[in-house]
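Structure first, commentary second.
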Amino acid sequence: MKRFTSLFLLILFVFVNAYAQRENVISDESKVPAYQVPDILTRFNGGKVKTEKVWVKKQRPEILKLFTQEVYGKIPGEQPISEVKVWETSENALNGIAIRKQLSLFFRKHDRNLEVNVLMYLPKTTKKVPVFLAYNFTGNHAIYNDPNIRLTESWVANNPSVGIINNQVTEQSRASASDRWPVDEIIKSGYGLVTVYYGDVDPDKNDFSDGIHPFFYSEGQQKPQINEWGSIGAWAWGLSRVLDYLEKDILVDATKVAVLGHSRLGKAALWAGATDPRFAMVISNESGCGGAALSKRIFGETVQIINTSFPHWFCDNFLKYNGNEEMLPVDQHMLLALIAPRPLYVASAEGDQWADPLGEFLSAKYASAVYELLELEGLPAKEMPAVNQPVMGTIGYHIRTGKHDLSLYDWQQYIRFADKHFK
Ligand code: GTR
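When you line the sequence shown up against the working numbering, it's residues 27 to 449, in that order.
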């Protein structure tokens, strides 16, 4: 009985707490508490960053180290691709204008085996093509109406409305996310699309017994150490492994891979871009808290809220900053600056206040100081642009009308941005 009562109280506490947090969410600009973000060109020892050399050799490595240690966690070791198995290459996709390629990357260690399925659509041309590399949320079969795409057999979060039952997809799940993936437009613009279901690398649940994490455990270990990777770190790692493969694919120009992600996958894309300089362009679509949005600006989702709802996304060290953002030694504009000198695009949506559009814009604006130090244009806007008025320097930004989503409008801007920098 006693145990029952304490369990009941614990559950009650969790609910009341979650509710109280939602109630306290700031969505009114006049209620945002005063805050200060670290000056990106001031060294942690107080000196000033005045040259490219000091940025590259000193400041950038220090910032990267702090994000690794305090936010996303370090990767505990190396795990190269063990085998690539190409399932099919069809010259006849999209009514004959594209090549469809499906393959698996296998990762093996002791008795562990992880299979990461890759779907590629590439324009038919004699030249190597630039590509967008992006994770999808529910499986490759969901992105396009093409019965030849293999159905994922991985664990997927239930959603009976698109035929995902008992954490398995069904025929009904096909093309269920096709609104987010304008494959024909991408191909006709001369780009390939490479996509992977993010749950192949690490299923999105607070459980560290599956996905890539256990590959690095010592005897008896159940979860990563407090300074080691959570799920975002794992997803970013997965993007780099896909890039390892793309470097070997003769159809792809691996020097022109734009890594793109929406929402939590935008956070992963940013971290991948920050940690792996081979990504030639980085695109964050409404990545919000722990992505492009400033953490010290308390608006919409906060560090405490995200760590409570998704305790597996960041490293455990990040918990120290719950309700305590002012103690963070870094903020997200510094993450964006790690991507310099490569082109970076940050996008927000008016109907996505949870992700704090202004915090995303300011972050891109503050990151500009590093681009300017490197004699690049940075973000060509001092104030938040009006809705549906994209700005594009080496940093691009837009806020569009509409809800939290990855839309055709977003893709059209990313294609324009890629044309500007890749062609
Ligand atoms: C939300 C979360 C956001 C964002 C989003 C998503 O629930 O609070 O940080 O990641 O999920 O990924 O769709």
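Even glycine gets a Cβ: it sits at the ideal position worked out from N, Cα and C.
Tell me which residue opens and which closes the beta strand (DSSP E) that residue i is part of.
i, result
"aspartate 279", "278 to 288"
"methionine 307", "307 to 311"
"glycine 264", "Not the beta strand (DSSP E): glycine 264 falls in the alpha helix (DSSP H), residues 257 to 272."
"alanine 160", "155 to 162"
Just to confirm, is the Cβ distance from residue i to residue j under 8 Å?
i, j, result
"threonine 68", "lysine 74", "yes"
"alanine 390", "tyrosine 435", "no"
"valine 227", "alanine 203", "no"
"leucine 159", "valine 142", "no"
"isoleucine 175", "asparagine 166", "yes"
"glutamine 439", "proline 416", "yes"
"isoleucine 253", "glycine 99", "The residue you asked about is not isoleucine; residue 253 is asparagine in the sequence shown. A contact, by the Cβ cut-off of 8 Å."
"isoleucine 258", "alanine 294", "yes"
"glycine 264", "tryptophan 339", "no"
"valine 372", "serine 310", "yes"
"leucine 362", "alanine 318", "yes"
"leucine 364", "isoleucine 89", "yes"
"phenylalanine 443", "proline 367", "no"
"valine 329", "glutamate 351", "yes"
"proline 355", "glutamate 96", "yes"
"tryptophan 297", "alanine 262", "yes"
"proline 156", "phenylalanine 448", "yes"
"isoleucine 502", "threonine 221", "Any property of residue 502 remains undetermined from this structure, which presents the chain solely from 27 to 449."
"valine 51", "glycine 316", "no"
"isoleucine 169", "lysine 150", "no"
"leucine 269", "aspartate 230", "no"
"serine 394", "isoleucine 425", "no"
"isoleucine 107", "arginine 304", "no"
"glycine 216", "tyrosine 147", "no"
"leucine 405", "glycine 419", "yes"
"glycine 246", "serine 180", "no"
"tyrosine 223", "asparagine 162", "yes"
"tryptophan 380", "glycine 314", "yes"
"arginine 138", "phenylalanine 241", "yes"
"lysine 111", "leucine 129", "yes"
"leucine 399", "tryptophan 81", "yes"
"proline 59", "isoleucine 324", "yes"
For residue i, list the residues DSSP reports as bridge partners.
i, result
"arginine 126", "Ser116, Tyr147"
"methionine 418", "Gly422"
"valine 142", "Leu131"
"asparagine 185", "Ile190"
"glycine 218", "Val157"
"threonine 77", "Threonine 77 pairs with nothing; no bridge assigned."
"threonine 178", "None; threonine 178 has no bridge partner."
"valine 51", "According to DSSP, which records beta bridges pairwise, valine 51 is partnered with nothing at all."
"glutamate 109", "Phe132"
"threonine 68", "Lys74"
"lysine 100", "Glu254"
With residue i as the anchor, note down where its alpha helix (DSSP H) starts and where it stops.
i, result
"leucine 92", "86 to 93"
"threonine 334", "329 to 335"
"alanine 373", "Not the alpha helix (DSSP H): alanine 373 falls in the beta strand (DSSP E), residues 370 to 375."
"proline 383", "383 to 399"
"leucine 362", "358 to 363"
"tryptophan 339", "Element bounds for tryptophan 339: n/a, residue is neither H nor E."
"alanine 319", "Segment: none, alanine 319 is in no alpha helix (DSSP H) and carries neither H nor E."
"lysine 446", "434 to 448"
Counting only C-beta atoms, is residue i closer than 8 Å to chain C at any point?
i, result
"aspartate 357", "Structure shown: chain C not included; a single protein chain is present."
Length-filtered (3 minimum) beta strand (DSSP E) runs lying within the region 194 to 249: 218 to 223
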